[in-house]
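Written out below as structure tokens is the structure these notes cover.
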Amino acid sequence: MHGLPKLLDLPGTQTSFINMGLPPELVIIIGLLETIGGLAILLGILTRIAAGLLAINMIGAIIQVKLAKGFIGGYELDLLYFAIMISLMITGPGKFSIEKNIIKREIFPKITNSINKKNIQ
2 MHGLPKLLDL PGTQTSFINM GLPPELVIII GLLETIGGLA ILLGILTRIA AGLLAINMIG
62 AIIQVKLAKG FIGGYELDLL YFAIMISLMI TGPGKFSIEK NIIKREIFPK ITNSINKKNI
122 Q
């Protein structure tokens, strides 16, 4: 929901980015990341990768844009999104995801799962 408006109004978003001290070239990258990454998480495909990239995006948003506004009305929601992305990176896709229901496996499984299985055998 946050990425699509960035892509639909490139000149306006580039102006906003310049006013925030960000390079205007980032608009397309961040807009695509937020749009495609959000869809990937919603559908449950490439969940860990999308969540990791969106977590980095949230760190940038908090530090560069929201930190000066304070917690309430500033970075509180971005911090919540960051925590959700970390949770998704740890837990991976849910049981109603494309990865679990259609593909029947995680595309990028948690690394420690394979290490633990090898140690047990």
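Number 122 marks the last residue of the sequence shown (the working numbering); no jumps. For every residue, glycine included, the Cβ atom is placed at its ideal position computed from N, Cα and C.
Can you name the start and end residues of the alpha helix (DSSP H) that residue i belongs to?
{"i": "residue 26", "result": "Residue 26 -> no alpha helix (DSSP H), and no H or E assigned at all."}
{"i": "residue 83", "result": "77-92"}
{"i": "residue 50", "result": "48-62"}
{"i": "residue 5", "result": "4-9"}
Determine the burial state of residue i: buried for a count of at least 16 other Cβ atoms within 10 Å of its Cβ, exposed for fewer.
{"i": "residue 100", "result": "buried"}
{"i": "residue 7", "result": "buried"}
{"i": "residue 106", "result": "exposed"}
{"i": "residue 92", "result": "exposed"}
{"i": "residue 72", "result": "exposed"}
If residue i sits next to residue j, beta carbons under 8 Å apart, how far is it from one beta carbon to the other, in whole angstroms?
{"i": "residue 27", "j": "residue 109", "result": "Actually they do not touch by this definition, with Cβ atoms about 25 Å apart."}
{"i": "residue 2", "j": "residue 39", "result": "7 Å"}
Who are the Cβ neighbours of residue i in its own chain at under 6 Å, not counting the five residues just before and after it?
{"i": "residue 45", "result": "94, 98, 99, 100"}
Does the distance from the C-beta atom of residue i to that of residue j stay below 8 Å?
{"i": "residue 90", "j": "residue 56", "result": "yes"}
{"i": "residue 67", "j": "residue 79", "result": "yes"}
{"i": "residue 86", "j": "residue 59", "result": "yes"}
Suppose the cutoff is 8 Å on Cβ atoms and the five residues either side in sequence are ignored; what does the same chain contact list for residue i look like?
{"i": "residue 4", "result": "31, 32, 33, 34, 35, 36, 37, 38, 39"}
Going by beta carbon distance, what residues of the same chain come within less than 7 Å of residue i, once the five residues before and after it are set aside?
{"i": "residue 12", "result": "none"}
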